[in-house]
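Encoded as C-alpha cells, the structure appears first; notes follow it.
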Amino acid sequence: MNDYSKPARTRFAPSPTGHLHLGGARTALYAYLLARKTRGQFLLRIEDTDRKRLVPGAEEEIMQGLRWLGIQWDEGPDIGGPYGPYRQSERKEIYQRYARQLVEQGHAYYCFCSPQRLEAMRQEQQRRKEPPHYDGTCRRLDPVAAERRVAAGEPHVIRFKTPKEGVTTVRDFLRGDITVENRTIDDYILVKSDGYAVYHLAVVVDDHLMKITHVIRGSEWLPTFPLHGLIYRAFGWEEPTWVHLSVFLKPSGKGKMSKREAADLMKDGYSIFIKDLRGLGYLPEAVVNWIALMGWSYDDHTEFFTMQDLIEKFSLERLNPAPAAINFSKFDHFNGLHIRALPPEELARRVKPFFLERGYQVDDQRLLRIIPLIRERIGGLDEAPDMAGFFFKEDVVPAPEDLVVKGLNVAESLDLARRVRKVLEDLPDIRAEVAEPFMREFVAQSGLTAGQVFGLMRVAITGQKVSPPLFESMEVIGREKVLQRMEQAIHLLEGLLQSEEPPSKSLDTTLES
RNA sequence: GCCCCCAUCGUCUAGGGGACUAGGACGCAGCCCUUUCAAGGCUAAAACGGGGGUUCGAAUCCCCCUGGGGGCACCA
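The opening position of the first sequence corresponds to residue 191 in this note's numbering, with each subsequent residue numbered one higher.
As C-alpha cells, then:
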C-alpha cells in the first residue's frame, strides 16, 4: 500500500524529440494527480541529453500541451525551483561527477572501444545467434592505465560494471518483484564520448537529487529497470517507489501506433497528439477524463471525473498493468458529457473560436441564446458551426429540392409554403410558446403531418435539413428574418415549378425519397 | 534469437476463494420520447484463452502451454 498522507514528489520527464501524445499525457497526469492528492510537488524535467535527436519547438509544445490539459508543474525549466536546472543538457557536469564517483568506487569503468568495433562485434554476435552485448574488453583494463589514457585525451565512454554473477530483484509497485539474472544485464554506457550522460545515469542521478518519491513512467523502461536498481545500489541511495504504466495500443489492440497510422487518424477527425485535439473540437476535460480511465478505475460504475474528482480519488493501487487499446468512440462520448456539463457561458466562450474560424460574425448575446439549442446536439466543439452557423448568416440558401415536402409534389409544396407564410405573418408573437401552438393548430387543419410542415419550415428558415429545434430557432432568428426566408422559399419553389413545367412532373417525390 | 511484462464481453474495465444466473461504460441492435438531428429512458446480444494442479469450493492462488505486448543503441 502506498502512504497518501506523505507528500509525494513526482515528475514528468519527456525528451523533446517529438509531439506530446496520449501516452505521455497520461503518464504526466497520473504523476500530477499523485502529487496534488498528497499535497506534494509535481515537476517537469526535460531529458535532452541526446543532442542529435532534439526537435526545435518540441519542449514548448510539451509545455503548452500540459497547460492545456490543466497539468501545472511546481518546478520546471521555465519556472525553476530548488533543485534545478530542470533541463538535463544543463546538468552535464553533475552527471560526470557522479559517473567519476562510480569509476572510483569500482562500479564503472572507462571504455575505449570505437563505435565501429562495437558494431562489428554486434553483427558477429547476431550471426552466432547470441544476444547482443558488450564483450567486456575494456572492463579488464588496468584502472590506472585507463585513467592515464583518459588524461591523455583519448576518446572514451563510461560503462557500468554490472555484476556477472547472481540475480537482481527490483520491485515494481504494480507487478511486485521482478528478478533477472545479472548476466543478462549488459555493461551499459553511462556517459557517452561527447560527455553527456545517457538516460540510465541521468534519470537515477536526477530523481535522487530532486528527491523524487515516486517514479511513474512507461513500461518501455521495464527491461532496463533492474539496471536502474543496480545503479541506485551502487550509489547507496534509497530507491523511490517505481510504477511502470502499461502502454497504449492502437484501436485494434494489435501493437503500438506507428507514425504513419498516427497521421492517418486525422482523416477521421482523431489524433493521438495533444496539440491536435483542441482544433478537432475536444475539451481538455474530456481528454483528461478519458485517458485517466485507460489503465485506472475508481469503482465498478463511476466514469465521469473532473480534475478535482481525480485528485481526490486517484490511487496507485487501482492502476492496471495490462496494455490498453485506444478507444476513440469512448473519447467522443466523454467529450459530449463534458460539453453538456459546462455552464452555458463557458460553453459559449469555448465554441466561439470555431465560429470565428469559419468566418462568422459572432454576436455574444445571440451565441449565448443558442447554446441551450446546440449543447445536446454537438459531439465536438467543431460541429457547432455546421449545426448553428445559420444563426449568424444574413441569408441562407436552401437547395430548392430540399423544399419539396415528402409526399407532396412541387406545386403542393409551394402551396403549403404560401399558407405557412400566411400563418406566420398573422402570428401575434414569434416566441416559441406562442408560435408553436398556432402552427400545431395549422398542422391539424391541414391534414398533413407535423413532420411535413415543420420539415418545410426548417429547410426554408435554417437552410438545413438537420437543425436545432425549429420554434426556438425562429425565436432567435426573429420575425422579420423568418418571414423573409419563407418568402425566399416560395420564390425557390416557384422557380422549381417553372423549370419542370411542361412535360414531366412528379419526379420530385422520387427524388426526395 | 534472447530477456521482461501482461491475459474477464469487439473495446475500456469491476472482480483479489463461496455474496457470480460474472457488474458497469463505449459501441452495436431494438423499443420509447420526438418536427429533423441529438440528448435522455428502457431492453437485448456480447467475456473469465487452453490444460493441469491446490481446495469442500476457483474468474480469483500455483505451474505449463498459447496468445498479446514491450525491450535488446555512444535514443529516450
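Cβ atoms here follow ideal geometry from the backbone N, Cα and C, with glycine treated the same way.
Nearest residue (CA-CA) to residue i, options the options
i, options, result
"Pro513", "Lys440, Gln278, Ser689, Asp238", "Lys440"
"Asn479", "Phe518, Lys449, Tyr299", "Phe518"
"Ala424", "Ala289, Ala203, Gly385, Arg508", "Ala289"
"Glu591", "Leu473, Ala601, Gly426, Gly230", "Ala601"
"Arg540", "Leu593, Ser487, Leu470", "Leu470"
"Val293", "Asp454, Gln278, Asp332", "Asp332"
"His390", "Leu399, Ser436, Asn372, Phe415", "Phe415"
"Val529", "Arg508, Ile501, Pro511, Thr496", "Here the sequence assigns Ile to residue 529, which means Val is not the residue at that position. Comparing Cα positions, the closest option is Thr496."
"Asp572", "Pro543, Val587, Leu593", "Pro543"
"His323", "Lys446, Arg373, Val340, Gln674", "Arg373"
"Glu535", "Arg548, Ile560, Leu527, Lys520", "Ile560"
"Glu250", "Pro267, Val633, Arg548, Thr239", "Pro267"
"Met664", "Gly641, Gln678, Asp619, Ser636", "Asp619"
"Leu598", "Ala589, Gly641, Leu557, Met629", "Gly641"
"Thr239", "Val405, Ala387, Tyr488", "Ala387"
"Val656", "Gly419, Ala607, Pro588", "Pro588"
"Met676", "Ala634, Phe632, Val586", "Val586"
"Trp432", "Trp411, Arg567, Lys446", "Trp411"
Bridge partner(s) assigned by DSSP for residue i
i, result
"Ala515", "Leu439"
"Asp362", "Gly366, Trp432"
"Trp486", "Leu509"
"Ala387", "Val381"
"Val357", "Glu371"
"Glu283", "The partner list for Glu283 (beta bridge, DSSP) is empty, contrary to what the question assumes."
"Glu152", "A query on residue 152 cannot be resolved here, the shown segment of the chain reaching from 191 to 703 and no further."
"Arg669", "The partner list for Arg669 (beta bridge, DSSP) is empty, contrary to what the question assumes."
"Gly270", "Gly266"
"Arg277", "Ile236"
"His323", "BP columns for His323 are empty, so no partner."
"His211", "Phe463"
Assumed close pair residue i, residue j - CB separation to whole angstroms, cut-off 8 angstroms
i, j, result
"Ile516", "Phe644", "Ile516 to Phe644, Cβ: 41 angstroms. No contact."
"Ala476", "Phe524", "4 angstroms"
"Arg329", "Asp397", "In fact, because the Cβ distance is near 27 angstroms, the residues do not count as touching under 8 angstroms."
"Asn551", "Phe582", "Looking at the sequence itself, residue 551 is Gln, so the reference to Asn does not match. With 8 angstroms as the limit, Gln551 and Phe582 qualify as a contact, their Cβ atoms being about 6 angstroms apart."
"Gly704", "Phe580", "What is shown of the chain runs 191 to 703, which leaves residue 704 out entirely."
"Thr369", "Val357", "5 angstroms"
"Arg407", "Thr200", "No, Arg407 and Thr200 are not in contact; Cβ-Cβ is about 10 angstroms, not under 8 angstroms."
"Lys354", "Tyr299", "No, Lys354 and Tyr299 are not in contact; Cβ-Cβ is about 13 angstroms, not under 8 angstroms."
"Ile252", "Leu210", "5 angstroms"
"Trp258", "Pro562", "Between Pro562 and Trp258 the Cβ distance is about 27 angstroms, and since that is not below 8 angstroms, they are no contact."
"Leu506", "Asn192", "5 angstroms"
"Ala709", "Leu593", "With the chain covering 191 to 703 only, the question about residue 709 has no answer from this structure."
"Ile375", "Val394", "About 14 angstroms; that fails the 8 angstroms criterion."
"Ser195", "Glu237", "In fact, because the Cβ distance is near 31 angstroms, the residues do not count as touching under 8 angstroms."
"Leu606", "Leu687", "The pair is not a contact, with the Cβ atoms about 13 angstroms apart (cut-off 8 angstroms)."
Endpoints, beta strand (DSSP E) assigned at residue i
i, result
"Tyr299", "298-301"
"Val347", "347-350"
"His404", "404-408"
"Arg235", "Element bounds for Arg235: n/a, residue is neither H nor E."
Opening and closing residue of the alpha helix (DSSP H) in which residue i lies
i, result
"Gly247", "It is not in any alpha helix (DSSP H) - Gly247 carries neither H nor E in the DSSP assignment."
"Phe425", "415-425"
"Gln498", "497-503"
"Thr200", "That residue, Thr200, is in no alpha helix (DSSP H); its beta strand (DSSP E) goes 199-202."
"Gly641", "640-652"
"Ile464", "464-467"
"Pro305", "305-317"
"Glu615", "600-616"
"Phe581", "Looking at the DSSP string, Phe581 is not in any alpha helix (DSSP H), and its letter there is neither H nor E."
"Val656", "That residue, Val656, is in no alpha helix (DSSP H); it is neither H nor E in DSSP."
"Arg330", "Counting along the chain, Arg330 falls outside any alpha helix (DSSP H), and DSSP gives it neither H nor E."
"Glu626", "622-636"
"Arg567", "Premise fails: Arg567 is in no alpha helix (DSSP H) and is neither H nor E."
"Lys444", "Careful: Lys444 lies outside any alpha helix (DSSP H) and carries neither H nor E."
"Asp454", "449-454"
Residue i Cβ short of 8 angstroms to the ligand GDP heavy atom set
i, result
"Arg621", "Inclusion of the ligand GDP in the displayed structure is not the case, the ligand content being empty and no account of it being possible."
Every unbroken alpha helix (DSSP H) within the stretch 524-560, with a cutoff of 4 residues, ordered by chain: Fully enclosed alpha helix (DSSP H) runs of 4 or longer: 534-547.
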